[in-house]
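Visitor:
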Amino acid sequence: MSDVTAIANGREAGLGAADLVGGAPTDYLALLKPRVMSLVIFTALAGLVAAPVHVHPVIGFAALLAISVGAGASGALNMWYDRDIDAIMSRTRTRPIPSGRIAPREALAFGLTLSAFAVFTLGVVTNWLAAGLLAFTIFFYAVVYTMWLKRWTPQNIVIGGAAGAFPPMIGWAAATGSISVESLALFSIIFFWTPPHFWALALFKSADYGRAGVPMLPNVKGAARTRLEIFLYSVLLVPVCLSPWMIGFEGRAYGVVALVSSLIMLALAFAVWRDTEGRDKDKAAKRLFAYSILHLFLLFAVIVAEHGILAPLGFAS
Amino acid sequence: MDPRSPIENGVVLTPAQQKARRQRNIAIGLAVALLCALFYAVTIAKLGSGVIKGAG
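Protein sequence lines, in the order shown, are assigned to chains A and B. Going by our numbering, the first residue of the first sequence is number 350, and it counts up by one from there. Going by our numbering, the first residue of the second sequence is number 283, and it counts up by one from there.
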C-alpha cells in the first residue's frame, strides 16, 4: 500500500499521523529487545557449534540470523501486548510504544511479519524441526507467557523461562535435525537459571511490578519466600550447570568453570536469602542479578570456545 | 467525491516524520538487499562446489 493510499484510508478510519507513521529504524530495532537478542544469538551459537555435525559457515550464519530475528519478533509482540503495563513501569516506560514513537498496530504487524520470515527462512535454510521449534518458541513467549502466564501467576517466569531456554536447542536442531540429551542439558541450564535471575530483579523492582499489577513472586508471596526460592533454585542450578560435563559432552575446562561459577552464584544467592535487613538486602539482590548474567555468559562462552575454537584446532580439554 | 488529492486532504507529515519515513525506506531497502545476498549465498553453499565443476 502506498503512503498516499494509506493516508487516505487512515483518514477514513479516523486515524491520525501517529497511527500511520512509525518511528525511526532505531525504534524498530528497540522493539526487537537487542540485549535479549544478543543472549539468544550467543546461546543458539553454542547449540550450533556444540552439535556433532559440521555446519557450513554460511548456513550457520543464516540460521543464527533467523533464530535471532525470530526471538526479536517475539519481543516486538510482547511489547505490543504489554504496552499498558510498560507505560506504568519505570524500567519499560521509555520503550517505543508507551513513549509514542511507534503505534501499537505497527509493532504488531512488524512482529508478525518478522516471525513468519524468520520461521520460513530457518526451515528453508536448515530443517523444519528447527523451524518448528522456533515457531513454538515465538508462540510460547508471545502467547503462553506474555498473554497468559505473566498476569496470572507468580510462577510466570518459571514456566515462561522455557521460551528463553529454547535457542540452544534450536541451534542444535538446526545442525543435527534432532533433539538430544545434550541439547536438553543446554535447555535446562537456562530454564533453571531464569527464576533466580528474574526474582533477584523482581526483589528490587517489586514496587514497579506491583503498580503494574504483574503478580511477581515478591508481590504475591512476599520477599522472604522469594529469597528462599532464589536460594533453592540456585542449589538446583549447580548440578544442572555441571550436567554437560557429567554426561561427557563437555570437557574438564567446562567442568571447572561451571563448578566455580555455580558456587559463586550459590554464595550470592545465599547472601540474598540471609541479608534481609537494611540497605544490604537490595544490594545482595542487585549483585546476584548482575552476576547471574555473567554466570550464563561464562558457561556458554566455554562451550563455544571448546567446540568452536579449541576442538577445530585439535585441542581437547 | 472530493476533487482534491488524498495528500491535500489527508495527514500532513511533519519534517521529523518525513525524515523517519526516509530512514525506514532506506532500512527496508538494505534489509531486502541483505536477504537477497543471504539467499544467494545459502543457495551456493547448499549446492556445493560440485555444481561449479560440473558446469565447466
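Note that the Cβ used here is the ideal one computed from N, Cα and C, for glycine as well.
(1) Use the C-beta contact count for residue 307/B: other C-beta atoms within 10 angstroms, 16 or more gives buried, fewer gives exposed.
(2) Considering only their Cβ atoms, is the gap separating residue 524/A from residue 404/A smaller than 9 angstroms?
(3) Just the Cα atoms here: how many angstroms apart are residue 428/A and residue 421/A?
(4) Closer than 7 angstroms between beta carbons: that is the criterion. Which residues of the segment 301-312 of chain B meet it against chain A?
(5) What does a CB cutoff of less than 8 angstroms around residue 603/A pick up in its chain, not counting 5 residues either side in sequence?
(6) Mind reading off the beta-carbon distance from residue 517/A to residue 537/A? Whole number of angstroms is fine, and I expect it under 8 angstroms.
(7) Have a look at 441/A, 519/A, 371/A and flag the residue whose alpha-carbon is nearest the alpha-carbon of residue 468/A.
(8) Between which two residues does the alpha helix (DSSP H) holding residue 527/A run?
(9) Is the separation between the beta-carbon of residue 674/A and that of residue 450/A shorter than 9 angstroms?
(10) Count the other CB atoms within 10 Å of the CB of residue 486/A; is the residue buried (16 or more) or exposed (fewer)?
(11) I'd like to know whether the C-beta atoms of residue 295/B and residue 411/A end up nearer to each other than 9 angstroms.
(12) Report the residue ranges of all beta strand (DSSP E) runs contained in full by the segment 597-646 of chain A; include only those spanning at least 3 residues, in chain order.
(13) If we cut at 9 angstroms on Cβ distances, does residue 374/A have a partner in chain B?
(14) My assumption, with CB atoms under 8 angstroms, is that residue 617/A sits in contact with residue 584/A. Please give the rounded CB distance.
(15) Do the segment 551-564 of chain A and the segment 446-463 of chain A touch if we need at least three Cβ pairs shorter than 8 angstroms?
(16) Do you know whose CA, among 620/A, 500/A, 586/A, lies nearest residue 608/A's CA?
(17) Along chain A, which residues have their Cβ under 8 angstroms away from the Cβ of residue 355/B?
(18) Answer with yes or no whether the minimum CB distance from residue 314/B to chain A is below 9 angstroms.
(19) Helix, strand or coil for residue 325/A? Go by DSSP, reduced to three states.
(20) Which residue marks the beginning of the alpha helix (DSSP H) containing residue 427/A, and which one marks its end?
(21) So residue 426/A and residue 460/A are in contact, right, with Cβ under 8 angstroms, and what is the actual spacing, rounded?
(22) For the candidate residues 474/A, 589/A, 505/A, 475/A, whose alpha-carbon lies nearest to that of residue 489/A?
(23) Shortest alpha-carbon distance to residue 575/A belongs to which of 373/A, 545/A, 398/A, 600/A?
(24) On the criterion of 16 or more Cβ atoms from any shown chain inside 10 Å, does residue 393/A qualify as buried, or is it exposed?
(25) Go to residue 492/A, then tell me how far its alpha helix (DSSP H) extends in each direction, as first and last residue.
(26) DSSP three-state label for residue 373/A, please.
(27) My output table needs one value for residue 303/B: the three-state DSSP class, helix, strand or coil.
(28) Using CA coordinates, which residue listed in 455/A, 636/A, 644/A is at the minimum distance from residue 553/A?
(29) Chain B partners of residue 411/A, CB-CB under 8 angstroms?
(30) Find the nearest neighbour of residue 329/B within the set 400/A, 408/A, 387/A, judged by alpha-carbon distance.
Guide: So, from the listed chains and residues:
(1) Along the second sequence, read from residue 1 onward, the residue named residue 307/B stands at position 25. Per the 10 Å Cβ criterion, exposed.
(2) Here residue 404/A refers to the residue found at position 55 when the first sequence is read from its first residue. Here residue 524/A refers to the residue found at position 175 when the first sequence is read from its first residue. Yes, these two residues count as a Cβ contact at 9 angstroms.
(3) As a first step, residue 428/A must be located in the first sequence, where it is residue number 79. As a first step, residue 421/A must be located in the first sequence, where it is residue number 72. Straight-line Cα distance between these residues: approximately 11 angstroms.
(4) 302, 303, 305, 306, 309
(5) Numbered from its first residue, the first sequence carries residue 603/A at position 254. 593, 594, 648, 651, 652, 655, 666, listed in sequence order.
(6) Looking up residue 517/A in the first sequence gives position 168. Looking up residue 537/A in the first sequence gives position 188. About 10 angstroms separates the two Cβ atoms, so there is no contact after all.
(7) Within the first sequence, numbered from 1, the residue matching residue 468/A stands at position 119. For residue 468/A, the nearest C-alpha among the options comes from 519/A.
(8) On the first sequence, residue 527/A is found 178 positions in, with the first residue counted as 1. From DSSP, residue 527/A is part of no alpha helix (DSSP H); its letter is neither H nor E.
(9) The structure shown has nothing for residue 674/A, since chain A only spans 350 to 666.
(10) Start at 1 with the first residue of the first sequence, and residue 486/A comes out as number 137. By the 10 Å Cβ count, residue 486/A comes out buried.
(11) Within the second sequence, numbered from 1, the residue matching residue 295/B stands at position 13. Within the first sequence, numbered from 1, the residue matching residue 411/A stands at position 62. Cβ atoms of residue 295/B and residue 411/A: not closer than 9 angstroms.
(12) none
(13) Your numbering for residue 374/A matches position 25 in the first sequence. Yes, residue 374/A lies at the interface with chain B (some Cβ there is under 9 angstroms from its Cβ).
(14) What you label residue 617/A is simply residue 268 of the first sequence in a count that begins at 1. What you label residue 584/A is simply residue 235 of the first sequence in a count that begins at 1. With a Cβ gap of about 13 angstroms, residue 617/A and residue 584/A do not count as contacting.
(15) no
(16) Here residue 608/A refers to the residue found at position 259 of the first sequence. Answer by Cα proximity: 586/A.
(17) Lying before the first or after the last residue shown, residue 355/B is absent from chain B, which here runs from 283 to 338.
(18) On the second sequence, position 32 is the one that residue 314/B refers to. No, its Cβ sits nowhere closer than 9 angstroms to a Cβ of chain A.
(19) With chain A covering only 350 through 666, there is no way to say anything about residue 325/A.
(20) Taking the first residue of the first sequence as 1, we reach residue 427/A at position 78. Where residue 427/A is concerned, the enclosing alpha helix (DSSP H) stretches over 406-430.
(21) Taking the first residue of the first sequence as 1, we reach residue 426/A at position 77. Taking the first residue of the first sequence as 1, we reach residue 460/A at position 111. With 8 angstroms as the limit, residue 426/A and residue 460/A qualify as a contact, their Cβ atoms being about 4 angstroms apart.
(22) As a first step, residue 489/A is located in the first sequence; it is residue number 140 there, counting from the start. That would be 505/A, whose Cα lies nearest to the Cα of residue 489/A.
(23) Here residue 575/A corresponds to residue number 226 of the first sequence, with the count starting at 1. That would be 545/A, whose Cα lies nearest to the Cα of residue 575/A.
(24) As a first step, residue 393/A must be located in the first sequence, where it is residue number 44. With 16 or more other Cβ atoms within 10 Å, it is buried.
(25) Along the first sequence, one-based indexing puts residue 492/A at 143. Unbroken run through residue 492/A: none, as it is neither H nor E.
(26) Translated into positions along the first sequence, residue 373/A becomes position 24. Coil, per DSSP.
(27) Residue 303/B sits at position 21 when you count from the first residue of the second sequence. It is helical.
(28) If you number the first sequence from 1, residue 553/A lands on position 204. It is 636/A.
(29) The count along the first sequence starts at 1 and reaches residue 411/A at position 62. Ordered by position in chain B, the residues that pass the 8 angstroms Cβ test against residue 411/A are 320, 323, 324.
(30) As a working note, residue 329/B is residue 47 in the second sequence. Nearest option by C-alpha distance: 408/A.
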